[in-house]
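All remarks here apply to the structure that follows.
10 protein chains.
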Amino acid sequence: MLFHVTMDVHVPHGCDPVRFEQLKAAEKARFQQLQRDGTWRHIWRVVGRYSNVSIFDVEDNAQLHDLLTSLPLYPFMEVKVTALCRHPSSLHDDDR
Amino acid sequence: MLFHVTMDVHVPHGCDPVRFEQLKAAEKARFQQLQRDGTWRHIWRVVGRYSNVSIFDVEDNAQLHDLLTSLPLYPFMEVKVTALCRHPSSLHDDDR
Amino acid sequence: MLFHVTMDVHVPHGCDPVRFEQLKAAEKARFQQLQRDGTWRHIWRVVGRYSNVSIFDVEDNAQLHDLLTSLPLYPFMEVKVTALCRHPSSLHDDDR
Amino acid sequence: MLFHVTMDVHVPHGCDPVRFEQLKAAEKARFQQLQRDGTWRHIWRVVGRYSNVSIFDVEDNAQLHDLLTSLPLYPFMEVKVTALCRHPSSLHDDDR
Amino acid sequence: MLFHVTMDVHVPHGCDPVRFEQLKAAEKARFQQLQRDGTWRHIWRVVGRYSNVSIFDVEDNAQLHDLLTSLPLYPFMEVKVTALCRHPSSLHDDDR
Amino acid sequence: MLFHVTMDVHVPHGCDPVRFEQLKAAEKARFQQLQRDGTWRHIWRVVGRYSNVSIFDVEDNAQLHDLLTSLPLYPFMEVKVTALCRHPSSLHDDDR
Amino acid sequence: MLFHVTMDVHVPHGCDPVRFEQLKAAEKARFQQLQRDGTWRHIWRVVGRYSNVSIFDVEDNAQLHDLLTSLPLYPFMEVKVTALCRHPSSLHDDDR
Amino acid sequence: MLFHVTMDVHVPHGCDPVRFEQLKAAEKARFQQLQRDGTWRHIWRVVGRYSNVSIFDVEDNAQLHDLLTSLPLYPFMEVKVTALCRHPSSLHDDDR
Amino acid sequence: MLFHVTMDVHVPHGCDPVRFEQLKAAEKARFQQLQRDGTWRHIWRVVGRYSNVSIFDVEDNAQLHDLLTSLPLYPFMEVKVTALCRHPSSLHDDDR
Amino acid sequence: MLFHVTMDVHVPHGCDPVRFEQLKAAEKARFQQLQRDGTWRHIWRVVGRYSNVSIFDVEDNAQLHDLLTSLPLYPFMEVKVTALCRHPSSLHDDDR
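So, in structure tokens, the structure goes:
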């Protein structure tokens, strides 16, 4: 099942930069694992912001919740989830 | 260049249903032409709403404006455009 | 899978009351069919408003979209969908 | 009487994690006591957020206020309360 | 039980003034009946607007819903309901 | 003259609890003095929130400003003021 | 007593222009009478909008409500009222 | 003096298309006259919307108000005005 | 030229009260100098809030920007500026 | 390609003023380099606020993202980006 997810990252002033870089590296590794699995299907940056727009393809709602809340940068994120479905006009059978 | 576009369709009460079906058919034909061209790269329905989330891949801002404002259902749409760019962590070279 | 759905009904001034009562009767029949099926799991009225809060238990996002957009009163509704999941603290195994 | 309650939890950066885990354990115990009593009738997680949607069945407004404001995590919550009532179309006599 | 209710009245342009005056008279009669019953405990006008702020004292949520949605001007109102309870600092035992 | 006032109290994390209890006690004493004077005519709690809805009956705008801004908890409050007037349909001559 | 009032005028499409000019002339006459009385103390136009910002000096809330709701263009206005008081730093004893 | 102006055009359904094209032609002629005068200094389209962002360079507030409210399409516009001033870091003496 | 300015002052918790009183005294002195000059033409307090509504009469946008951003309390203010112009119905030639 | 960018700067209380002045100097130098390049085509201050409105002329979305997020003051900015295109009525061939 497909979900549209926006993640806005807010770095608090005074945050330890070394610790934050570690979390970013962990976030990148976790993202790439999920991308390889086909779960984190798309990711794009929003121009001018520390935000992304992503498409997830998951088994169910619970899997999506677990994936999102266990992201290394989750404590710094404002997350919004929108349920999607395939568009009937699409010519691509596997457009996910 | 990539853009995230949301389109919310508002059908006014009293709208002629025959005319509206004609516009929907024209919209579908135009969409599929743009999908084949690779310009209208993705489209998904928003669950429970007469709305879609789309990703466009265009030459420039002007092309996107012309594509959107010439859609058959454009007079009934509320359109929001967000500029995107490729995410540096993505493993997919052509993730568009 | 569980979803939280709010439906706000807006009756336009000048709406034909006979036609609207027919739609309300069709809506009620459809609701009760879905309630018996276990799909429309809960419904409550919002005090003082022509709105309800509902919980749906569906196979996937597409089924929810089809159910909602085919409701007889759908053209008069503003619908909002929120994906839910079971709460880990709940003592009720089948709390849906 | 039935009420729809949303609780959004905001954990401030710099919060002592040991203290917070203690509060979460106390919150869980209190929740399960109220769930057994039938007062906290339903709880669901909102996907991707540290939030829940709940249905309370209480004697009156004052009981609901006392229950909510004495929750261990209440100082970290943004709470919204909406009064509900039974829907006349419901086939379930005890749908609460 | 006490509830805070705001009612904003929107008169559509083109509304039949004779019919509207009839509804206003019916609304006034209904209001005064409920005021005598002690159910519609307080009403005040909001300065400069066609709105009121009211306090209702009802048996339960369902009674409030029935009272509000059967008001003669209800189809022209935007209604907001907030659950209240007695303030513990109040010196007035019957402050309702 | 009558005014509708909402007061939302925000207790900052890390606030000294002893000092805050002192302010709450001072707030209660001040409230009861104004209630006895007839100036702070009504107060109700908003269910589930650290907020109240109040009705003030004052000589003029300046008196209301002085009363509100000198409350012991004022530095922690978000205050909203709405001017009211008597409703012409009210049967209670002294409904204030 | 002083009040800050904003008035946004919305002219519905299809409004009879002759009738509207009559209402505008009546509005102007009424405004100038109130300006001479000292009640409508200031008026300014908001640049680029059919809106004004005004300062009223009235006996009490009820007088302001009666003045505003009896304006000829009131049915076309969105009105917002804010209670003001004299600023203690002002050097002008009669700055109203 | 410089002002940032956004103009959102809303064409009501049922608007006479011949009349609207006449207004658009008149709008274009008026715009080009003001552009030649140097008053309407810049105009850009907002991608995907019937909106523009403009920079005006006027003598004073009153001139801007008169220019905007006399535009042929003004009755169909939502206009927002923001006062600007030259940025001290700019290297362009005449950057307007 | 006339501008409507609202200033909302937010005093952060933990702000040094001696320093803040010094800034308030400096703000008052600066205000009174500008009031004598005729630049800060009107000021009123918003009832119940640490906010004022002011009318400025300045040479141009740049002068207003310099005046506002150099106020002693500016770092604690949320400022909103609206361009005004004289109302054509006003009987007062110098109504500013 | 043209983009409209607003930048609101928020200086946290307690920010080291020496460090902040260094960042402002670096920001100014970077701005002037981009202005000379023709990339940061226009900048204006918003009156009364620590904000600017800018027009960028870039190769593509990715270049704009890189320019904005590498600005020395970026960690203190709230940035909003809107895609623009040339207006067909404009008489200036190079109006950018």
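Protein chains in written order, with the working numbering: chain W, 11 to 106; chain B, 11 to 106; chain G, 11 to 106; chain D, 11 to 106; chain F, 11 to 106; chain E, 11 to 106; chain L, 11 to 106; chain C, 11 to 106; chain S, 11 to 106; chain R, 11 to 106. Ideal Cβ placement from N, Cα and C applies to all residues, glycine included.
- Counting along the chain, L:L94 sits inside the beta strand (DSSP E) bounded by residues 87 to 96.
- The beta carbon of S:F30 lies closer than 7 Å to those of V21 in the same chain, with the five residues before and after it left out.
- Put simply, of E:R46, E:S80, E:L81, E:D76 the residue whose alpha carbon is nearest the alpha carbon of L:L94 is E:D76.
- Non-local C-beta neighbours of E:D18 in its own chain, meaning closer than 6 Å and more than five positions away in sequence, comprise S61, E88, ordered along the chain.
- For the pair D:N71 and F:L12, the CB atoms are nearer than the 8 Å cut-off.
- Using a CB distance below 7 Å, the part of the segment 82 to 106 of chain G facing chain W consists of V91, A93, L94, C95, R96, ordered along the chain.
- Taking the Cα positions, G:V57 is about 51 Å away from S:H102.
- Beta-carbon to beta-carbon, B:W54 and W:R96 are separated by about 7 Å, close enough to satisfy the 8 Å threshold.
- Along the segment 14 to 45 of chain W, going in chain order, the ones with a CB nearer than 9 Å to a CB of chain R are V21, H23, G24.
- Across the segment 45 to 70 of chain E, no CB contact with chain S closer than 8 Å is found for any residue.
- Taking 8 Å as the threshold, the shortest C-beta distance from F:L78 to chain G falls below it.
- Look at E:L74: its C-beta is not under 8 Å from any C-beta on chain F.
- Listed as beta-bridge partners of F:T49 by DSSP are no residues whatsoever.
- Note that the C-beta distance between D:F66 and D:L74 is below 8 Å.
- No Cβ-Cβ contact shorter than 8 Å links C:L81 with C:K34.
- When rounded, the separation of the alpha-carbon atoms in S:E37 and W:H14 is 49 Å.
- Taking 8 Å as the cut-off, the beta carbon of D:T16 is found no closer than this to the beta carbon of D:V68.
- Separation of W:Q45 and B:G48 (C-alpha to C-alpha, rounded to the nearest whole angstrom) is 23 Å.
- Inclusion of L:S99 and S:Q42 in the CB contact set at 8 Å is warranted, their separation being smaller than that value.
- Per the C-alpha coordinates, the member of D:K90, D:V91, D:R59, D:T92 positioned closest to W:T92 is D:R59.
- S:H23 has its alpha-carbon roughly 31 Å from the corresponding atom of L:K90.
- A distance below 7 Å between beta-carbons, with the five flanking residues on each side excluded, links D:H52 to the following residues of its chain, in chain order: S64, I65.
- G:V56 is bridged by DSSP to D:L94.
- Bridge partners of D:F41 according to DSSP: none are assigned.
- Straight-line spacing of the CA atoms in S:R40 and W:R40 works out to 56 Å.
- The secondary-structure analysis by DSSP pairs L:S64 across a beta bridge with L:V15, L:I53.
- Judged by DSSP in its simplified three-state form, D:L33 adopts helix.
- CA-to-CA, the gap between F:Q32 and G:D26 works out to about 21 Å.
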